[in-house]
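**Q** Residue numbering for the sequence shown follows my numbering, beginning at -16 and increasing consecutively.
The C-beta atom is built at its ideal place from N, Cα and C for all residues, glycine as well.
Nothing here was measured: the structure is a model prediction, and the numbers come from that model.
After the structure tokens below, expect a handful of questions from me.
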Amino acid sequence: MFKILKQIFYDHVEYRTQILRMAKVDKDRAFKGSDLGWVWALFRPAMRIAVYYFAMVVGFRASRNMQGIYCSYFLWLVAGLVPWFYMSGMLTGGATCFRRYKGMIQRTSFPKTTIPTIVTLSNFKVHIVVFFCMLLLFPLMGYKPSIYWIQLPIYMAMMLIFTYFWSLASGLLSVVSEDFLNILRTMNAAMFWLSAILFNKTNVHNPLAVTFFRLNPVTYIVYGYRDALCYHRWFFEDRISLLYFLAVSAIMIFVATKLYSGLRKQLPDIV
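Take a look at the structure:
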């Protein structure tokens, strides 16, 4: 495991320039042929946020059940949806990373460990744009920046590390089995509702559900953003949830490195 992690580190240091260049090309390719280009990066999440807000406020009146937050329900909703948009894209997008770069794996000696990073950074570029737009909403709606905001880069770093190893593991599994990729696509919508994004997880008292929320890395990152922006809590205050996230991340790293160790030589033939 540590030998693979060392290789991953050195691959990224040596090929850092190529990784950044290819991540840019990967994202530019997504908007190729569109006159609006990067406008879609903001328009799509904005439309989804508007629909969710209308459904929750008008339909379910969820804003009545919010307590202990230092912002409006709308901003609370945005603070959870912004990291979800990135992570939901990586749940399936990360799983297809090796399939998308099949030709490069088969024809070049470019290190395979960097391919999940290309996809991760490509999606993260959009997340950064949406993220700063979200931050601008707070002062525009009358809420001053808080010292708790300084921990947002910590949650971003944890999110990036987790999604990289998720992409490495799921990308290898999806190459081996098409069924695994189909399961992920099916579970994407379910994960949205199982991550307590539209409702407040503190209102759920079922012990099984509470444990699931703690085991769910998506929930941890979503509520990490909300802790910094809406609840004004430090990341170390909820030590139990932090330990759960670190434990799940450690398992993900172990699984990813073991899969890569076993499949790296056969990858050009099976991809």
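If you measure between the beta carbons of F93 and M87, is that distance less than 7 Å?
**A** It is a contact, given that the beta carbons lie within the stated cut-off.
**Q** When burial is assigned at 16 or more other CB atoms within 10 Å of the CB, is K95 buried or exposed?
**A** The residue is buried, with at least 16 neighbouring Cβ atoms inside 10 Å.
**Q** Could you tell me which of A211, L74, N199 sits nearest to P99, measuring between CA atoms?
**A** L74
**Q** DSSP on K91, reduced to helix/strand/coil?
**A** This sequence places Thr at residue 91; Lys is not what is there. Residue state, collapsed to three classes: coil.
**Q** With a threshold of 16 other CB atoms inside 10 Å of the CB of A239, please say whether the residue is buried or exposed.
**A** buried
**Q** With DSSP run on the structure shown, which of helix, strand or coil describes K248?
**A** coil
**Q** Could you compute how far the alpha carbon of L151 sits from the alpha carbon of S244?
**A** 11 Å
**Q** Please classify A62 as buried or exposed, where buried requires at least 16 neighbouring CB atoms within 10 angstroms.
**A** Here A62 is buried. Its C-beta has 16 or more other C-beta atoms within 10 Å.
**Q** Measure from the alpha carbon of Y147 to the alpha carbon of each residue in N189, V102, P128, P136, then state which is nearest.
**A** Nearest of N189, V102, P128, P136 to Y147, Cα basis: V102.
**Q** Could you give the distance in angstroms between the alpha-carbon of I144 and the alpha-carbon of L104?
**A** 11 Å
**Q** What separation, rounded to the nearest whole angstrom, lies between the Cα atoms of I111 and N171?
**A** Those two C-alpha atoms are separated by around 22 Å.
**Q** If you run the structure through DSSP and keep just helix, strand and coil, what is N199?
**A** coil
**Q** If you check the beta carbons only, do C213 and C54 fall under 7 Å apart?
**A** yes
**Q** Consult DSSP for C80 and reduce its assignment to one of helix, strand or coil.
**A** helix
**Q** If I measure Cβ to Cβ from R27 and keep anything under 8 Å in the same chain, skipping five residues before and after, which residues do I get?
**A** The answer is none, since no qualifying residue turns up.
**Q** What do you get for Y203, buried or exposed, if any count of 16 or more other CB atoms within 10 angstroms of its CB means buried?
**A** Buried.
**Q** Do Y227 and R247 have their CB atoms nearer than 7 Å?
**A** no
**Q** Rounded to the nearest angstrom, what separates S153 and D(-6) at their Cα positions?
**A** 20 Å
**Q** So, are the CB atoms of S157 and A78 less than 7 Å apart?
**A** yes
**Q** Between which residues of its own chain and A24 is the CB-CB distance below 6 Å, once the five residues before and five after are set aside?
**A** V109, V112
**Q** Closest by CA to F114, which one among W67, Q89, M124, Y84?
**A** Of the candidates W67, Q89, M124, Y84, the residue whose Cα lies closest to the Cα of F114 is W67.
**Q** I need the DSSP call for Y214, collapsed to helix, strand or coil.
**A** helix
**Q** Taking the straight line between their C-alpha atoms, what separation do you get for D9 and P190?
**A** 42 Å
**Q** Can the beta-carbon of I180 be found less than 7 Å from the beta-carbon of V205?
**A** yes
**Q** Out of I236, G76, M(-16), state which residue places its alpha-carbon closest to the alpha-carbon of L167.
**A** Comparing Cα positions, the closest option is G76.
**Q** Taking the alpha-carbon positions, what's the S71 to L155 distance?
**A** Cα to Cα, the separation comes out at about 18 Å.
**Q** Just curious, the alpha helix (DSSP H) that W23 is in, first and last residue?
**A** 22 to 37
**Q** Along the chain, where does the alpha helix (DSSP H) containing Q(-10) start, and where does it finish?
**A** -15 to -3
**Q** I'd like to check one pair, G207 with Y138: are the Cβ atoms closer than 7 Å?
**A** yes
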